[in-house]
Every structure is written in C-alpha cells, then in structure tokens.
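Colleague: Below is the structure I would like to discuss, written out as structure tokens.
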Ligand SMILES: *Cc1c(COP(=O)(O)O)cnc(C)c1O
Ligand code: SF4
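Residue numbers (my numbering): 128 to 528.
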C-alpha cells in the first residue's frame, strides 16, 4: 500500500469503531481498521478475498456488532427475498454501533420500509429491460451502451436501481450473454463508448476482466471504455498494483465510482483511488441523493471537497430512482436543486456534480439545475449570478448573409 499515512490525521487506533465513526470524518482521511474485527491480523484484513469471504450477511452477524432497531430487524428478515444483505468488514467499520440514523447504516442495513411499495415505484424504474437488444446490454443512447457484466457487488446498497437483478435474490435474474453482447457491439459502429457495470465489474478476477477489456479494445470503433464500480469504496483492497497495471493497458479507460458520504473516503479508499489515478484512470463520482445520508449542503460540500483531494471529479448527483421500497430514502427534487444552488459559485467548479433525474420509464438522464436564466428573447438574455445579482447580456445579432 502506498497510503500517504503521515500527511493525514492518524487514526486513534485504540478507540472503538463506533466512537471514531461518530466523529463524522468530514475532512480527515482516517482508517477505521480493524474496528469491529480486532482479532484479524493486517495481512488478512488487507486481502480482498478475506474481506469478501467475511462479509456481514446475516441478522446474527449484524447483531453481533450493532444494536438494531425492531424496524431494522424486520428489514433484514424481508431482505432475503428482495436484495441480499452483504457488507464488507471494511465498509461495516464505518457504521455507528448505536445510531440507527448513521448515514452509512442507512445505505446498507435493510429497513422495514423496503417492503412497502408506493404507487409510483417500479422494479425497473429506468426502463432498462425494454432497451436491451441482447440480454445484459442496454442501448438507450445513440452512441453508447451499458454492459451489465455481473449481478454481484462487494456490498449491496439498499436503494440499488438494479435491485431487481442485483445479488440474485430479487424478482429477476441477469442472463448476460457475453458473445451476443460483444457481437452486437462489433456490428454496431455507432457504439463508440462502452460502460461496464452490473453489479460490479471489479469483482471479476484480473484475468476475466482483462479478457473482456481486450475483446472490447479489439473493436476499432470502441473509442472509450469506462467501468462503473463501488469496489474502490466497499473493498479498496481489491485495487491492487496488479489490477492497476492491467487496466493501464486498455486506455483510454475511465472509471465512475460511487461515494455518497464523506465518511466513506477513508485512508484506504483514498490510497486505492490514488493508485487508480496514478495508473492514468480518470475518476468520476456518481452520488445518489439520499434522505438522512447526504441531503444537506454541508455534507455534500464536505463530500465533493474530499473527492477532489482524492483526485475524483464529482460527475453526477442522481435523484433516487423510483425503485420499489425506496420511499424512506427519497428526497424532494426541490431540495436537490437547493443543494446545487448552495454549491455553484460558492466553491470550485470542478467539485460540482450535475444533478440528474433518470426519467421514469426509460427517458434517460435529464439535467436539473437551479434557474439562472430569468428572461430570454431575440435581443437579450437576463441572468442572475450565484449571489442573486441580475445581469443583462445582449444576444449577438445574427446577420443574414
Ligand atoms: C447512465 C447511462 C449511460 C451513460 O450516460 P453518460 O451520461 O454518458 O454517463 C449509458 N447508458 C445507460 C443506459 C445509462 O443509464
Ligand atoms: S454497488 Fe451499484 S450495482 Fe451494486 S448494489 Fe450498490 S448501487 Fe447497486
């Protein structure tokens, strides 16, 4: 590991995980290991296969470490038939023992509300299934495809847009046909951008992932490859030097990670992101706006500033899709707009994600912004700035030839 431990605030390694987690970690990069696993030696802890094998997946394991509420206990009992419970020890250490409102806990510990469905909620809110020319390949936009290469993740996000297929417990199964999908890309020269997602592609072995990347790179019209992954956050140990050396052979290769709260950016995660960045992989972040997790300007500002320090450019802030059982995590769009309004002009432009709603039923991502354009006609535009000051800009005359 090339963690720059010395420049960062060191972890107070004797305090219990819950106390340290309660500090919030809005600015400092700290390590919470070994936290709830004091008996595990570092060689094991740092082995990503150990992390996967020792995930928290049952009610008994949860209760061994956390004080659950009746609501959470009921949530775990219904989770098995919807989206599996699984949390890597690394990520589990970020959860506060006694606080059911812990922003990390809300993302990965099931709640009873997951079994409630409101009238607008759907199993496939983005209409992906109806845009699959071959199983596992979503072709919604003209020049790019979303390739769902696996249904497994290192940990499961309770609000996952693809919970209908992800983890294998839900109502559908993912039957990706790799040969058919590759053939489709090969025979569609308009596809210049392939996004590998799932599930999480970084759970593949280096060899399996390389097999896929090399097949894609052999297609001349595929200019751009990107991987969507939460592994650097859930399982930073997976970002090994060997993986980075392999990825580096397939440039231009970009990666979108998924961080929702500043506490997720631990010392280990920062080091993993730096290894990727040092391998020339440009990094973006996709956050989901979640009630009780990141639905206020202070948390969002802390998150995006920390991301920049990890060399990650905030890319999208998603309005939560209308996934079944997500009502307890929904945030009003007006709140999302207010958060963006509180960022634009007030902080580094690079730090500001584009807020989007993935239009229900398959309309794709639609940008949603505060309104800075007050008036517009053929002669002028009237705009306001981040401080509310109003300006007029004359429309350049478009003279006839
Ligand atoms: C999000 C998404 C993409 C990628 O969109 P970008 O705006 O280019 O990041 C591609 N296909 C599908 C189906 C998507 O949902
Ligand atoms: S990592 Fe992504 S695909 Fe996996 S459960 Fe979370 S949101 Fe869903």
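C-beta atoms are modelled at their ideal positions from N, C-alpha and C, and glycine is treated no differently.
Leaving out the 5 sequence neighbours to the left and right, which residues in its chain are closer than 7 Å to residue 416 when beta-carbon positions are compared?
Modeller: Correct list, in chain order: 422, 444, 445, 446, 447, 458, 463.
Colleague: According to the neighbour-count rule (16 or more other Cβ atoms, all chains shown, within 10 Å of its Cβ), is residue 316 buried or exposed?
Modeller: Flag for residue 316 reads exposed.
Colleague: How would you write the range of the beta strand (DSSP E) that residue 375 sits in, first residue to last?
Modeller: Careful: residue 375 lies outside any beta strand (DSSP E) and carries neither H nor E.
Colleague: Comparing alpha-carbon positions, which option in 340, 348, 388 lies nearest residue 357?
Modeller: That would be 388, whose Cα lies nearest to the Cα of residue 357.
Colleague: Determine the burial state of residue 252: buried for a count of at least 16 other Cβ atoms within 10 Å of its Cβ, exposed for fewer.
Modeller: Residue 252 comes out buried.
Colleague: Could you work out which residue in 185, 171, 428, 158 is closest to residue 220 when comparing CA atoms only?
Modeller: Ranking 185, 171, 428, 158 by Cα distance to residue 220 puts 158 first.
Colleague: Do residue 321 and residue 343 have their CB atoms nearer than 9 Å?
Modeller: Their beta carbons are under 9 Å apart, which means residue 321 touches residue 343 by this criterion.
Colleague: Quick one: Cα of residue 175 to Cα of residue 521, how far?
Modeller: One C-alpha to the other measures close to 58 Å.
Colleague: With a 10 Å radius around its C-beta and 16 neighbouring C-beta atoms as the bar for buried, classify residue 134 as buried or exposed.
Modeller: The pLDDT assigned to residue 134 is 38, lower than 50, so where the model puts this residue is not dependable, and the model offers no usable value.
Colleague: Quick one, are the C-beta atoms of residue 394 and residue 403 less than 9 Å apart?
Modeller: Not a contact, by the Cβ cut-off of 9 Å.
Colleague: Suppose contacts are defined by Cβ-Cβ distances below 9 Å. Is residue 371 in contact with residue 408 by that definition?
Modeller: Yes, the Cβ-Cβ distance between residue 371 and residue 408 is below 9 Å.
Colleague: Per DSSP, what kind of secondary structure is residue 492 in: helix, strand or coil?
Modeller: Residue 492 falls in the strand class under three-state DSSP.
Colleague: For residue 283 and residue 231, I'd like the C-alpha separation in whole angstroms.
Modeller: Spanning the two alpha carbons is a distance of roughly 12 Å.
Colleague: Starting from the C-beta of residue 434, find all residues in its chain whose C-beta is less than 8 Å away, skip the five residues before and the five after it, and write them out in chain order.
Modeller: 386, 392, 412, 440, 441, 478, listed in sequence order.
Colleague: Quick check on DSSP: helix, strand or coil for residue 283?
Modeller: Coil at residue 283, not helix or strand.
Colleague: Consult DSSP for residue 144 and reduce its assignment to one of helix, strand or coil.
Modeller: Only weak support exists for where residue 144 lies, its pLDDT of 45 falling under 50; the value from the coordinates is given anyway. Helix at residue 144.
Colleague: Quick check: the Cα distance between residue 460 and residue 331, rounded to an integer number of angstroms?
Modeller: Approximately 36 Å between the Cα atoms of the pair.
Colleague: For residue 261, I'd like the list of residues in its chain whose CB is within less than 7 Å of its CB, leaving aside the five on either flank, ordered along the chain.
Modeller: The answer, listed in chain order, is 304, 307, 308, 311.
Colleague: Quick one: any contact between the region 265-275 and the region 468-484, if contact means 3 or more CB pairs under 8 Å?
Modeller: With a cut-off of 8 Å, the region 468-484 and the region 265-275 do not count as touching, because too few Cβ pairs lie within range.
Colleague: Is residue 284 near ligand 1, judged by its Cβ being under 8 Å from some heavy atom?
Modeller: No, Cβ of residue 284 sits at least 8 Å from all heavy atoms of ligand 1.
Colleague: Considering only DSSP beta bridges, list what residue 271 is partnered with.
Modeller: Residue 271 pairs with 268, 320.
Colleague: Would you tell me roughly how many angstroms separate the C-alpha atoms of residue 205 and residue 285, rounded to the nearest one?
Modeller: Computed Cα separation, rounded: 12 Å.
Colleague: So, at 7 Å on beta carbons, what are the nonlocal neighbours of residue 278 in its own chain, with the 5 sequence-adjacent residues on each side left out?
Modeller: So the qualifying residues of the chain are 292, 293, 294, 295, 301, 325, 326.
Colleague: Could you pull the start and end residues of the alpha helix (DSSP H) that residue 311 belongs to?
Modeller: From DSSP, the alpha helix (DSSP H) with residue 311 extends over 305-313.
Colleague: With the cut-off set at 9 Å, would you say residue 237 and residue 210 are in Cβ contact?
Modeller: Result yes, Cβ atoms of residue 237 and residue 210 sit closer than 9 Å.
Colleague: Among 505, 506, 501, 524, whose alpha-carbon lies nearest the alpha-carbon of residue 518?
Modeller: For the residues 505, 506, 501, 524, the minimum Cα distance to residue 518 belongs to 501.
Colleague: Is the shortest distance between the beta-carbon of residue 341 and the beta-carbons of chain C less than 9 Å?
Modeller: Note that chain C does not occur in the displayed structure, where there is just one protein chain.
Colleague: Which of helix, strand or coil does DSSP assign to residue 426?
Modeller: Of the three classes helix, strand and coil, the one that applies to residue 426 here is helix, per DSSP.
Colleague: Figure out for me which residue from 456, 155, 480, 449 has the closest Cα to the Cα of residue 248.
Modeller: Taking only the C-alpha atoms, the option nearest residue 248 is 449.
Colleague: Based on the DSSP secondary-structure assignment, which residues constitute the bridge partners of residue 511?
Modeller: Its beta-bridge partners are 517.
Colleague: Rounded to the nearest angstrom, what separates residue 524 and residue 506 at their Cα positions?
Modeller: So the two alpha carbons sit approximately 8 Å from each other.
Colleague: Go to residue 171, then tell me how far its alpha helix (DSSP H) extends in each direction, as first and last residue.
Modeller: Where residue 171 is concerned, the enclosing alpha helix (DSSP H) stretches over 169-172.
Colleague: Excluding sequence positions up to five away, which residues of its chain have a Cβ less than 6 Å from the Cβ of residue 492?
Modeller: Excluding residues within five positions, the ones whose Cβ falls inside 6 Å are 483, 485.
Colleague: Determine whether the beta carbon atoms of residue 379 and residue 355 lie at a separation below 9 Å.
Modeller: Not a contact, by the Cβ cut-off of 9 Å.
Colleague: Given this structure, state the Cα-to-Cα distance separating residue 217 from residue 349, to the nearest angstrom.
Modeller: Rounded to the nearest angstrom, the two C-alpha atoms are 35 Å apart.
Colleague: Between which two residues does the beta strand (DSSP E) carrying residue 483 extend?
Modeller: Start and end: 481-486.
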